[in-house]
Amino acid sequence: MTAVRLGAVAVPCAHRGDVYLPARPPRTPRLFCRSGETIPPSSLARLQRSGVTTVWMPASQADAWRNRLRELMAEGLDVPAAILLETAREAIRDEMSEAWRAKTSDALVSCAARFSQQVVDLCAKRDEMAEALASIAVHDGNTFAHSTNVCTYVVMLAQASGISSNCTLLELGQAALLHDLGKRRVHAEILNKPGPLSLAERETMNDHPRIGFQDLCRQPNLTREQLLMVYQHHERIDGGGYPVGLSGDAICWTAQMCSVVDVYDAYTAQRSYREAIQSQQALAIMRSMSGTQLCTEHVECWNRLVSRLWAVAV
Amino acid sequence: MTRPPRPRQTPAPSDSQGGFACEQERRRFARRYCGLDVSLRVAGTLPAFPRQAAAKTARLADFSRNGICLACVEEFYPCEILELDFPEMGQRRLVVRRCRRQRDGLFHVGCELLEA
Chain A
1 MTAVRLGAVA VPCAHRGDVY LPARPPRTPR LFCRSGETIP PSSLARLQRS
51 GVTTVWMPAS QADAWRNRLR ELMAEGLDVP AAILLETARE AIRDEMSEAW
101 RAKTSDALVS CAARFSQQVV DLCAKRDEMA EALASIAVHD GNTFAHSTNV
151 CTYVVMLAQA SGISSNCTLL ELGQAALLHD LGKRRVHAEI LNKPGPLSLA
201 ERETMNDHPR IGFQDLCRQP NLTREQLLMV YQHHERIDGG GYPVGLSGDA
251 ICWTAQMCSV VDVYDAYTAQ RSYREAIQSQ QALAIMRSMS GTQLCTEHVE
301 CWNRLVSRLW AVAV
Chain B
1 MTRPPRPRQT PAPSDSQGGF ACEQERRRFA RRYCGLDVSL RVAGTLPAFP
51 RQAAAKTARL ADFSRNGICL ACVEEFYPCE ILELDFPEMG QRRLVVRRCR
101 RQRDGLFHVG CELLEA
């Protein structure tokens, strides 16, 4: 069985497999809808209201379904932006997982470019995407979900900051999807450790921007700004970051942008070592970091963007 | 073949700014601290980070059998290849592994010696 996003299951697709509802062990997942049957919108809404975000599908059926989703995405789907984004995520999930495990980063770079293109296309429908912001974040505790969130957020922040060049937005999105690439070399026990990290574990963890950079630096299609986003996204403007300890303008603007949304997603996601916090609380913490650790302009811009949407959502 | 044990840390000079000496020891062989001025040249750049091949000076902060630490005014990126002129020992090639800015503004660049 493979976990799939509920939002993507809602997309009409003849190749969709059997959908099972999750259940706590020792119970087994319960069949919710057979393949080929249409899921009534009311049933879907009920599940969403009860907090279900992930459902299960037999692995063999999920592969064929994701392939078809990729084709549908290429043909153009007429569904709301948030569902479209979930579908785009679902369509690349297995491809990204495979690329993530590969020794070289070639497949990951091209996969990131395709996803970034879809995010930029979605963000071109600015209002619709902005309204969907509250519902686009996926938090399932893994690096893939975090990376896709950061990718989407970076493109939205860049647009809100006045960047309109399609090429620049694509590059930003692609680099953001790759920003935590170095974590694939960090042991899962350290990544998912529930308690505080030891000094040695902390050093291993803090090495992920350098490792990600090392894996990507020979890629001929990546720009300096993209590579610096990967390498410097944990640098802080007061010089207290890592891996180099750069300060102020010595940190590339792409990395400064990435660090703002990276911090936001880290706070609003549930981690193995702490609970998720509300969007407004995360923004308050980020405001206190503004000017010392995070770039003031980017924090203000992100604050305006999220606060406006939060107000709309309330 | 078994890996040799990690070395005991050789005490760093008192004027050390921290840097690699404070962190977990990554070198397989013991460090020897010194303060030798050396001349270096970038022998291999990265596609996105072109550099001029002009000679630069740096201070050799420490060395071991498989790595050295340089103190220089310029930041270097992991995977860049440097060529170092050692007095009496001739030229050696190094690959940059990590770089950390120190409180005095200098960068400590950790390099691995490449086989001659």
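Taken in sequence, the protein lines are chains A and B.
Residues in the first sequence are numbered from 1 upward in steps of one, following this note's numbering.
Residues in the second sequence are numbered from 1 upward in steps of one, following this note's numbering.
For each residue, glycine too, the CB sits at the ideal point set by N, CA and C.
Three-state secondary structure assigned by DSSP to residue 15 of chain A = coil
query = By how many angstroms is the C-alpha of residue 12 of chain A removed from the C-alpha of residue 38 of chain A?
reply = 7 Å
query = Is residue 213 of chain A helix, strand or coil by DSSP?
reply = helix
inquiry  = Distance check for residue 99 of chain A and residue 57 of chain B, CA to CA, integer angstroms please.
reply    = 41 Å
request  = Look at the alpha carbon of residue 213 of chain A and the alpha carbon of residue 232 of chain A, and state the distance between them as a whole number of angstroms.
outcome  = 9 Å
key: Inter-residue spacing [alpha-carbon to alpha-carbon] between residue 74 of chain B and residue 43 of chain B   = 15 Å
request  = Spell out the partners DSSP gives residue 4 of chain A in its beta bridges.
outcome  = A/55
inquiry  = For a cutoff of 8 Å on Cβ pairs, would you count residue 293 of chain A as touching chain B?
reply    = no
Sequence ranges, alpha helix (DSSP H) only - wholly within the region 131-193 of chain A, length at least 4 = 133-136, 143-160, 166-177, 188-191
message = Considering only the alpha carbon of each residue, which of A/33, A/94, A/78 lies closest to residue 59 of chain A?
response = A/94
ask   = Would the beta-carbon of residue 65 of chain B fall within 8 Å of that of residue 37 of chain B?
value = no
message = Is there a C-beta anywhere in chain B that falls below 8 Å from the one on residue 212 of chain A?
response = no
request  = On the DSSP bridge assignment, give the partners of residue 107 of chain B in chain order.
outcome  = B/72, B/101
query = Unbroken beta strand (DSSP E) runs of length 3 or more, entirely within the region 53-126 of chain A: which are they?
reply = 54-57
query = When burial is assigned at 16 or more other CB atoms within 10 Å of the CB, is residue 215 of chain A buried or exposed?
reply = buried
request  = Please check if any C-beta of chain A sits within less than 8 Å of the C-beta of residue 113 of chain B.
outcome  = no
task = Pull up the distance between the alpha-carbon of residue 239 of chain A and that of residue 35 of chain A, whole angstroms please.
result = 54 Å
ask   = Hey, is residue 28 of chain A close to the ligand GDP, as in C-beta under 7 Å from one of its heavy atoms?
value = In the structure on display, the ligand GDP does not appear, and there are no ligands present to speak of.
query = Are residue 4 of chain A and residue 153 of chain A close, meaning C-beta to C-beta below 8 Å?
reply = no
key: Interface residues of chain B facing residue 224 of chain A [CB-CB closer than 8 Å]   = 48, 49
inquiry  = Give me the residue from B/87, B/89, B/103, B/111 with the minimum Cα distance to residue 95 of chain B.
reply    = B/111
inquiry  = Whole angstroms are fine: how far does the CA of residue 148 of chain A sit from the CA of residue 63 of chain A?
reply    = 20 Å
key: For residue 50 of chain B and residue 92 of chain A, the rounded distance between their alpha carbons   = 33 Å
message = Using the Cβ count rule (16 or more neighbours within 10 Å means buried), how would you classify residue 22 of chain B?
response = Annotation note: pLDDT 46 at residue 22 of chain B (below 50); position unreliable, coordinate value reported separately. Exposed is the call here.
task = Would you mind telling me which residues of chain A sit closer than 9 Å to residue 79 of chain B, beta carbon to beta carbon, in chain order?
result = 213, 214, 217, 218
message = Less than 8 Å between the beta carbons of residue 113 of chain B and residue 217 of chain A, yes or no?
response = no
message = Nearest by alpha-carbon distance to residue 68 of chain A: which of A/182, A/90, A/26, A/298 is it?
response = A/90
ask   = Exposed or buried, what is residue 66 of chain A when buried is set at 16 or more other beta-carbons lying within 10 Å of its beta-carbon?
value = buried
ask   = Is residue 279 of chain A helix, strand or coil when you go by DSSP?
value = helix
task = Closer than 8 Å by beta-carbon distance: list the chain B residues that pair up with residue 243 of chain A, in chain order.
result = 98, 99, 100
request  = Leaving aside the five residues before and after residue 54 of chain A along the sequence, list all residues of the same chain whose C-beta is less than 8 Å from its C-beta, in chain order.
outcome  = 3, 4, 5, 6, 22, 140
task = Name, going along the chain, the residues of the region 61-93 of chain B whose beta-carbon falls closer than 8 Å to a beta-carbon of chain A.
result = 75, 77, 78, 79
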